[in-house]
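**Student:** Residue numbers (our numbering): 19 to 145. We put the beta carbon where it would ideally sit given N, CA and C, even for glycine. Computed from a predicted model, the values in this text were never measured in an experiment.
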């Protein structure tokens, strides 16, 4: 079952919200990217212990995601453009997870073997 939790990353002094899927005792797959974290990313399987209902404390990454992370800072005009909206649909159609935070922080996770060149696609939109 996928649920929203707060994840405490003690080594980073960070607590951030994230969707996770519990797959076993103290084991979770990250179904969103924990914003600002350097310890884990979307798709990682992590070990974490429950501190309180709705809050878990990160212990370690048990299995890393096989996706490559790309992140971009984009202007409001780009984010609201039809080209960018079409790109997000195309990414979703190709099982590429993406998230847009704080308006212009765009992060996506391209699985191994995917033929979409995200850097090229973004460059096409911004130029």
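Within 8 Å, do at least three Cβ pairs link the stretch 111-118 to the stretch 70-80?
**Tutor:** Cβ pair count under 8 Å is below three, so no.
**Student:** Per DSSP, residue 118 is paired with what?
**Tutor:** Beta-bridge pairing links residue 118 to 124.
**Student:** Put residue 155 into one of helix, strand or coil per three-state DSSP.
**Tutor:** The displayed coordinates of the chain run from 19 to 145. Any statement about residue 155 would go beyond what the structure contains.
**Student:** What first and last residue would you give for the alpha helix (DSSP H) that runs through residue 110?
**Tutor:** 100-111 is the span of the alpha helix (DSSP H), which, as asked, contains residue 110.
**Student:** So for residue 140, helix, strand or coil by DSSP?
**Tutor:** Helix at residue 140.
**Student:** By the 10 Å Cβ neighbour count, where 16 or more other Cβ atoms means buried, how is residue 67 classified, buried or exposed?
**Tutor:** Exposed: under 16 other Cβ atoms inside 10 Å.
**Student:** Just verifying my parser: in three-state terms, what is the DSSP assignment at residue 96?
**Tutor:** Three-state DSSP puts residue 96 in a helix.
**Student:** State buried or exposed for residue 62, treating a residue as buried only when at least 16 other CB atoms are found within 10 Å of its CB.
**Tutor:** Flag for residue 62 reads buried.
**Student:** Taking a contact to mean a Cβ-Cβ separation below 8 Å, would you say residue 143 touches residue 114 in this structure?
**Tutor:** It is not a contact, given that the beta carbons lie outside the stated cut-off.
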